[in-house]
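Chemist: Below you will find the structure I want to go over with you.
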Amino acid sequence: MRFTRKPNALATAVMLASITMVAPARGHDLAIELVEVTARAEPTDGNTLLSEAPITRPTHDAGELLRSVTGMTALRRGGRGFDPIIRGQSQSNLNVIANGAYSYGACPGRMDPPSTYVGVDSFDSVSVIKGHRSVIYGAGGSGGTLIFEHLRPELGSDGMTGSVTTGYTGNSDLGSLGGDFALGNDRAYLRAFGAIRESGNYEDGNGDRVASAFESTSAGLVAGIDLSPETYLEISHEQASEDDVWYAGNGMDAVFADSASTSAKWVQRSVGAIETLEFTAYLSDVDHLMDNYTVRNRSMMPNGAAAPSSSTTWGGRLLATLSWTEAELRTGIDYRANDRRAELYMDMGKDGSYDMLVARMWPEAQQRQAGLFAEADYRSSAMDTLRLGLRVDRFDSEVREAELSAGMMGSATPVRLYEQYYGTTQTRNDDHGVSAVLGWDRRLDDAHLMSVNLSRSVRTPDSSEQWIARSANGDFWVGNPTLDAEVHQQLDLRLLHDSGRLNWSMSLYVNEVDDYIERFAEGSADLYRNIDATLFGSELDAALQINERWRARVGIAYTRGYGDNGDLAQIAPLETRLNLDYQQRDWALGLEWVAAARQNNFDPTVDVDSPTAGFGVLHAYGHWNLTGQLLLEAGIENLFDHAYAYHVNAGNLDPFNPDAVRVNEPGRQGWVKLRYTF
14 MRFTRKPNAL ATAVMLASIT MVAPARGHDL AIELVEVTAR AEPTDGNTLL
64 SEAPITRPTH DAGELLRSVT GMTALRRGGR GFDPIIRGQS QSNLNVIANG
114 AYSYGACPGR MDPPSTYVGV DSFDSVSVIK GHRSVIYGAG GSGGTLIFEH
164 LRPELGSDGM TGSVTTGYTG NSDLGSLGGD FALGNDRAYL RAFGAIRESG
214 NYEDGNGDRV ASAFESTSAG LVAGIDLSPE TYLEISHEQA SEDDVWYAGN
264 GMDAVFADSA STSAKWVQRS VGAIETLEFT AYLSDVDHLM DNYTVRNRSM
314 MPNGAAAPSS STTWGGRLLA TLSWTEAELR TGIDYRANDR RAELYMDMGK
364 DGSYDMLVAR MWPEAQQRQA GLFAEADYRS SAMDTLRLGL RVDRFDSEVR
414 EAELSAGMMG SATPVRLYEQ YYGTTQTRND DHGVSAVLGW DRRLDDAHLM
464 SVNLSRSVRT PDSSEQWIAR SANGDFWVGN PTLDAEVHQQ LDLRLLHDSG
514 RLNWSMSLYV NEVDDYIERF AEGSADLYRN IDATLFGSEL DAALQINERW
564 RARVGIAYTR GYGDNGDLAQ IAPLETRLNL DYQQRDWALG LEWVAAARQN
614 NFDPTVDVDS PTAGFGVLHA YGHWNLTGQL LLEAGIENLF DHAYAYHVNA
664 GNLDPFNPDA VRVNEPGRQG WVKLRYTF
């Protein structure tokens, strides 16, 4: 659903994404949780809710931002690189799309998931699709799809609009400055934006320092033009640079991680019987370097380790939409390609000389996907809407440098490692997949809507699961070339209620997975295998407008995952979020309580090898409209300075805090943010 508000940060509305309004919808997308931040002061349609709720905290990473959506969380490794998780699924089980472009991080250790390079200050909307509800967004996406979009700016009478934002967060000494400007007319526009952030290491509730410092810059341009009343062209380019990033949850730090993404979108309306014809093409490049001595010397040995890596993604989609009175059909083709390369070197003098190649971790891994899809929404009656979607994909994956020498005496070639652990020398894998969606929305009465979604989706192994080949210091991390693709069969039931003052939605879901890809340990090696697994859970979101001034919200989520060998990794326990907001005309105050139950269900191969304690923390926040254009926001996180960590976490490998086994969240910290809009 769609939420709008007067100018503010994207984080303001993402917090409310889970509260879905029962309203007329075009089709089965009613259950998609869409957050849109624009300068419009009034709702534009029945699916739009104007929100004046303040943000609960500043966010500087898209993964961290999405923690505020019920049923979502994110794995913390430091101050950057939060890895999103939806209903217990993460990494390549999620499709992340920014302005029509897919991208993949370049770090084998997931220092830089794709959401890292999404500038949260510049995007106007984010769509959170939980589960597999549509076939038009590419293959996979069994856990969900995240769609970040720039919208066409609404220009003032002088043909201009813009904003400048600055902020500061204590504890970590984090400062930020950003700007977003657009100019044009009713036919064309040019938009430029950028942001700079710099952070030190924060302290947790115990007063211990957590490695989390970073420097981050991002910038971009978007240009759009109506070539004719029926033709629209848009081109965007964005760059992001992460430097000197400290990680408590990784054995190395990031010297740099640079991303550049370019996309183009062409829309043609009224092409014969086709209502709209849309073509999107994109190219994304990521270059990354991690080591254990440049950012901070993490080893007392005279030798250091460095791992340069890169990832290039390109592709496109052709989408045709045909509409009739009671139906809409979306059909097309898409293509996605990704090339990844990562090497591990020994640096004898820690001087950047890279004296010996230790491992070809990604030995030029190439993945290709081509798909054909069709999806139709049909309003069979005034009370019922049906969706039927089908897609067929072709997958090709191979490594080009698997037989080249690596390691001491050149013996640790990737193909030798594959043969040692899996008894295979294959360096290529071809596959195909059939995915489908069957949905039904039934309006029970004026206040209630029932939504049922049944789906099948196919997710092929990613570059690490299939081709990683790391041998160093007697430890091994080896992908499995013989892995089968995961097949997810999901049932999602949802009931929504809207009675004006009270809105709530409740979801129940179950996901039976054939050939789930499990990471496991065998001696000194981390390996992969196929198993059968089940994930299930429930979510509840509710919002009550108590009176003109007071509003209460609650979000509760629970997911359970287990397979042939026991509990699945990185599954969040029962989590609850409660908000109480007080709103005056020009100012507002609020409290947020976030709690998680103890997690006794875990996989010691991937998770920290012990149960995770439950926690409850309180945040205070507020805002004040100083003028019609100047907004001040402030708050205190973790008001009572508790020491706590989320279960979905990276094991702490920080040599400056060796006793910690998890990456703790920040202790008490105040924050302030000032935004000027014109």
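Counting from 14, one number per residue, gives the positions in the sequence shown under my numbering.
Here a beta-carbon is modelled for each residue, glycine too, at the ideal position from N, C-alpha and C.
What residues match up with Lys-278 in a beta bridge as DSSP calls it?
Modeler: Glu-247 and Thr-293.
Chemist: Just tell me which of Leu-557, Asp-599 and Gly-627 has its CA closest to the CA of Leu-587.
Modeler: When only C-alpha atoms are compared, the closest one is Gly-627.
Chemist: For the beta strand (DSSP E) containing Arg-429, name the first residue and the last one.
Modeler: Premise fails: Arg-429 lies in the alpha helix (DSSP H), 427-435, not in any beta strand (DSSP E).
Chemist: State buried or exposed for Gly-317, treating a residue as buried only when at least 16 other CB atoms are found within 10 Å of its CB.
Modeler: Buried: at least 16 other Cβ atoms inside 10 Å.
Chemist: Between Pro-532 and Gly-285, what straight-line distance do the alpha-carbon atoms span, to the nearest angstrom?
Modeler: At residue 532 the sequence reads Arg, which differs from the Pro that was named. Arg-532 and Gly-285: Cα-Cα distance of roughly 51 Å.
Chemist: Let's see if you can read the secondary structure: which residues bound the alpha helix (DSSP H) around Ala-663?
Modeler: Run containing Ala-663: none; DSSP gives neither H nor E here.
Chemist: Helix or strand or just coil, what does DSSP make of Gly-207?
Modeler: Strand, per DSSP.
Chemist: Give the straight-line distance between the Cα atoms of Thr-83 and Asp-397, rounded to the nearest whole angstrom.
Modeler: Cα-Cα distance, rounded: 27 Å.
Chemist: So, for Arg-282: in the same chain, excluding its five sequence neighbours on each side, which residues have a beta-carbon less than 6 Å away from its beta-carbon?
Modeler: Counting only Cβ-Cβ distances below 6 Å, and skipping sequence neighbours, we find Glu-243 and Thr-289.
Chemist: What would DSSP say about Tyr-181, mapped onto helix, strand or coil?
Modeler: DSSP places Tyr-181 in strand when its eight states are reduced to three.
Chemist: Just curious, the beta strand (DSSP E) that Gly-317 is in, first and last residue?
Modeler: Its beta strand (DSSP E) spans residues 317-336.
Chemist: Quick check on DSSP: helix, strand or coil for Arg-469?
Modeler: Correct three-state label for Arg-469: strand.
Chemist: Could you spell out the range, first to last residue, of the alpha helix (DSSP H) harbouring Gln-479?
Modeler: Element bounds for Gln-479: 476-480.
Chemist: Looking at the secondary structure, which residues open and close the alpha helix (DSSP H) in which Glu-77 lies?
Modeler: Residues 75-78.
Chemist: Taking the alpha-carbon positions, what's the Val-471 to Met-361 distance?
Modeler: One C-alpha to the other measures close to 45 Å.
Chemist: Tell me which residue opens and which closes the beta strand (DSSP E) that Glu-646 is part of.
Modeler: Element bounds for Glu-646: 643-650.
Chemist: Taking Glu-251 and Gly-233 to be in contact with their CB atoms under 8 Å, please state how far apart those CB atoms are, rounded to whole angstroms.
Modeler: So it is a contact: roughly 4 Å between Cβ atoms.
Chemist: Return the chain-ordered list of same chain residues with a C-beta closer than 7 Å to the C-beta of Asp-599, the five sequence neighbours on each side being excluded.
Modeler: Cβ neighbours of Asp-599 beyond the five flanking positions: Trp-637 and Asn-638.
Chemist: Is there contact here, the segment 547-567 with the segment 499-516, by at least three beta-carbon pairs under 8 Å?
Modeler: Yes, they touch.
Chemist: Around the C-beta of Arg-507, are 16 or more other C-beta atoms found within 10 angstroms, so that it is buried, or is it exposed?
Modeler: By the 10 Å Cβ count, Arg-507 comes out buried.
Chemist: Which of the three DSSP states, helix, strand or coil, is assigned to Thr-129?
Modeler: Helix at Thr-129.
Chemist: In chain order, what are the residue ranges of uninterrupted beta strand (DSSP E) at least 3 long that sit wholly in the segment 335-388?
Modeler: Entirely contained in the segment 335-388, the beta strand (DSSP E) runs reaching 3 residues are, in chain order, 340-360.
Chemist: If you follow the beta strand (DSSP E) that Leu-88 is part of, which residue opens it and which one closes it?
Modeler: Element bounds for Leu-88: 85-88.
Chemist: Using three-state DSSP, classify Gly-423 as helix, strand or coil.
Modeler: Of the three classes helix, strand and coil, the one that applies to Gly-423 here is helix, per DSSP.
Chemist: Ser-241 lies in the beta strand (DSSP E); which residues open and close that run?
Modeler: Its beta strand (DSSP E) spans residues 227-241.
Chemist: Apart from the five residues on each side of it in sequence, which residues of its chain come closer than 6 Å, Cβ to Cβ, to Thr-437?
Modeler: For Thr-437, where only same-chain residues beyond five positions count, the Cβ hits under 6 Å are Tyr-431, Pro-494 and Thr-495.
Chemist: By a C-beta neighbour count over all protein chains shown, 10 Å radius and 16 as the cutoff for buried, is Val-139 buried or exposed?
Modeler: So Val-139 ends up on the buried side.
Chemist: Please name the residue, chosen from Gly-220, Asn-662, Ala-355 and Ser-272, that lies closest to Ser-116 on a Cα-to-Cα basis.
Modeler: That would be Ser-272, whose Cα lies nearest to the Cα of Ser-116.
Chemist: Which residue wins for smallest C-alpha separation from Gly-680, given the options Val-661, Gly-629 and Ala-663?
Modeler: With distances taken between Cα atoms, Gly-680 lies closest to Gly-629.
Chemist: Helix, strand or coil for Ser-254? Go by DSSP, reduced to three states.
Modeler: Note: Ser-254 maps to strand in three-state DSSP.
Chemist: Using three-state DSSP, classify Gln-439 as helix, strand or coil.
Modeler: In the structure shown, Gln-439 sits in coil (DSSP, three-state: anything other than H, G, I, E or B).
Chemist: Measure how close the beta-carbons of Leu-78 and Thr-72 come, nearest whole angstrom, since I'm counting them as under 8 Å.
Modeler: Confirmed, Cβ separation roughly 4 Å.
Chemist: Cβ atoms of Arg-400 and Glu-388: under 8 Å apart, would you say?
Modeler: Result yes, Cβ atoms of Glu-388 and Arg-400 sit closer than 8 Å.
Chemist: Taking the CB atoms as reference points, tell me whether Val-526 and Glu-499 lie closer together than 8 Å.
Modeler: In this structure, Glu-499 lies closer than 8 Å to Val-526 by Cβ.
Chemist: Would you report the Cα separation of Ile-544 and Asn-524, rounded to the nearest angstrom?
Modeler: Roughly 14 Å between the two C-alpha positions.
Chemist: In terms of alpha-carbon separation, which member of His-145, Ser-518 and Ser-176 lies closest to Phe-691?
Modeler: Minimum Cα distance to Phe-691 is reached at Ser-176.
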